[in-house]
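Engineer:
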Amino acid sequence: MALGEVGVIHADRRIFEKDNIVISVDTVEDLGEFINITVSVVGRDNEEEGMKLAKSVQAKLGITDDQLIPLSYYDLLMQGGELSDLESELCQTKISDESDLQSISSDSAIYS
């Protein structure tokens, strides 16, 4: 039995990748820009190291924990295409150009 289509999200994604880190910069129609940091790890023993690495990249990008949004794009759009005041405030931090991401992907210090 197929689940069917619930909604459609229109987004442009730029992907920056190095080793086991993938940084996606999404421009989502009617919502704005978002950054997703993904660290690939093998085995449960490496989960903590993966989280530390993700936090390190997050810090290098200048993203604080209070700026994280725990909702999907679909959930945000279901709120009427508008973020709450708090969520809107959290989204104000943007990467002005790709040089910030280039420095992350070429900076070996975050991988040590």
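Throughout the sequence shown, residue numbering follows the working numbering, covering 2 to 113 in sequence.
Backbone N, C-alpha and C define an ideal beta-carbon position, used for all residues, glycine too.
Since the structure is predicted, the reported quantities are computational estimates derived from the model, not experimental observations.
Using 8 Å for Cβ pairs, my map puts leucine 32 next to leucine 78. What's the rounded Cβ distance?
Structural biologist: 7 Å
Engineer: Would isoleucine 36 pass as a contact of isoleucine 64 if the rule is Cβ separation under 8 Å?
Structural biologist: Yes. Within cutoff.
Engineer: What residue from Glu34, Asp66, Ile38 and Ser57 has the CA that sits closest to aspartate 13's CA?
Structural biologist: Glu34
Engineer: Any idea what DSSP makes of asparagine 47, helix, strand or coil?
Structural biologist: helix
Engineer: Classify valine 42 as helix, strand or coil using the three-state DSSP reduction.
Structural biologist: coil
Engineer: Counting only the same chain and skipping the five closest in sequence on each side, list residues whose C-beta sits under 6 Å from that of valine 29.
Structural biologist: Ala12 and Tyr74
Engineer: Give me, in chain order, the residues of the same chain whose beta-carbon lies closer than 8 Å to that of valine 7; leave out the 5 immediate sequence neighbours on both sides.
Structural biologist: Tyr75
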